[in-house]
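Residue numbering for the sequence shown follows UniProt numbering, starting at 1 and increasing by one per position.
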Amino acid sequence: MTTTGLGSLPGEDIREWTKVLLEAVDVPFLAELPARPYGDMLSRAIAVLTELAADLQPAGWRLTGGSDPRASVDQRRARSLLAEDLDVLEELAYGYSGPLKLQVTGPWTLAATLELPRGDKVLADHGARRDLAQALAAGVQQHVAEVRKRVPGAELLLQLDEPALPAVLAGAIPTASGWGKHRSVDGPGAVELLSLLTTAAPTVVHCCAARPPIEVFTKSGATGLAVDISLLNEPAWEQIALAAEAGATLYAGLVPTTGALADPERTARPLLRRWEELGLDPALLRTTVITPTCGLAGADDARARLELCRRAAEVVAEFANS
């Protein structure tokens, strides 16, 4: 039974967090520290996006319409911060061997967030969102190759963060005017672009929603599913069950990001209770990775929450081996 986090952590000290993560979780990861300028998940994606230029506006990141990486001071700053983080990782993970996770914003959430030069979301333009997904895929390939070179003993995992994908599929993303919604994307269309990203490394897709599109994730080639156990509705559990029986790895978000911490047994109970209700083989949980329910950027006690993940994992392991 293993543990990890989902990317974001509090504070600005990447060196200290890298030291902590190499010890505190079974699957260390390159932390995102959004308290730093250009340290959030979207800026990290822009840093990785090497074939398109973007700049930072008051309303958020926007494509500039050019392919010159020098077109944006903001983008260069985001890339510089990522390079500094990789320097720290290379130094502190010297001699490390084992799993190592990288996070990046997925193509659909990026398309639903990033603006076109004329002001609407990339999601509004079929060709632009394909270009964005292809550029992101190329950037991720380079990013993964760079980390492999810096930490040669690492078994890399890629986490795609897709919090906006349920709204994209439902046609619920507002247009620039705010008066309408962008046209919904169908399942095959969502799979097509997402699958461009799942070839760089074994991939887990993270989506905190009541009904994350599990079938889209698995059809795209993802081998892992990161979900908030407390949010899942009945149809979502049915899809989780099918995916688990087909061999997908469940990244079970059990530890809340805010509020009081429960004991390990109570923390693990929602997952184990549902597993029994669905009549699933307990042994399927042996590969489960226990995580917080989402990122921990707002948690002053983030270390305690990561420790609770480890203790809850012991409870799940006992159930899985029963």
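We put the CB at the ideal spot given by N, CA and C, even for glycine.
Quick caveat, the model's predicted, so the values are computed rather than measured.
The C-beta separation of D120 from T175 comes to about 7 Å, placing the pair in contact by the 8 Å criterion.
From the listed residues G153, I214 and L136, the smallest Cα separation to L165 is found for I214. In this chain, T198 is not harboured by any alpha helix (DSSP H), its DSSP state being neither H nor E. Taking one beta carbon from each stretch, the region 303-315 and the region 257-264 have 3 or more pairs nearer than 8 Å; the two touch. Annotated three-state conformation of G5 is coil, per DSSP. Excluding the 5 residues flanking it on each side, L272 has same chain C-beta neighbours closer than 6 Å at F319, in chain order. Shown here for S322: same chain residues with a beta carbon closer than 8 Å to its own, the five before and five after excluded, namely P282 in chain order. Across the structure, P152 and L254 are spaced so that their CA atoms are roughly 31 Å apart.
Comparing C-alpha distances from E162 to each of E115, G295 and T18 shows the shortest one belongs to G295. If the five residues before and after T64 are omitted, its C-beta is found closer than 8 Å to the C-beta atoms of A53, A54, D55, A71, S72 and P117, all from its own chain and listed in chain order. Secondary structure at V20: helix, using DSSP grouped into helix, strand and coil. The region 134-146 makes contact with the region 192-210; the number of CB pairs closer than 8 Å reaches 3 or more. For A45, same chain residues with a beta-carbon under 6 Å away, outside a window of 5 residues either side, are V104, T105 and L110 in chain order. Cβ-Cβ separation between L102 and T291: approximately 15 Å, too far for a contact (criterion under 8 Å).
Within its own chain, the residues whose Cβ lies closer than 8 Å to the Cβ of G298, once the five positions on either side in sequence are excluded, are P10, T257 and T258, listed in chain order. Taking a C-beta distance under 8 Å as the contact criterion, L132 and P99 do not qualify as a contact pair. In this chain, V255 is not harboured by any alpha helix (DSSP H); it is covered by the beta strand (DSSP E) spanning T249 to V255. With contacts defined as CB atoms closer than 8 Å, L278 and L250 fail to qualify as a contacting pair. Rounded to whole angstroms, the Cβ separation of Y38 and A83 is 12 Å, and the two are not in contact under 8 Å.
The continuous alpha helix (DSSP H) containing K149 extends over residues H126 to R150.
Distances from the alpha-carbon of T223 to those of E234, A241, R211 and A246 put A246 closest. Cβ contact annotation for R15 (same chain, cutoff 6 Å, sequence separation greater than five): V88, in chain order. Sixteen is the threshold: when 16 or more other Cβ atoms of the shown chains lie within 10 Å of the Cβ of P28, as they do, the residue is buried.
Proximity to L22 across P58, S230, S97 and W179 peaks at S97, based on C-alpha coordinates. In the displayed model, W61 falls within a strand according to three-state DSSP. A Cβ-Cβ separation of about 11 Å leaves L156 out of contact with R150 under the 8 Å criterion. Here R130 is not near L194, since their CB atoms are 8 Å or more apart. Only exposed fits P58, as fewer than 16 other CB atoms lie within 10 angstroms of its CB.
For the set D186, G171 and A312, the Cα lying nearest the Cα of G180 is the one of G171. Approximately 18 Å separates the beta-carbon atoms of L231 and A248; this is outside 8 Å, ruling out the contact. In the displayed model, T223 falls within coil according to three-state DSSP, outside both helix and strand.
A Cβ-Cβ separation of about 6 Å places A241 in contact with L280 under the 8 Å criterion. DSSP lists L156 as the bridge partner or partners of L100. When the alpha-carbon of V216 is set against those of A243, N233 and E234, the nearest one is in A243.
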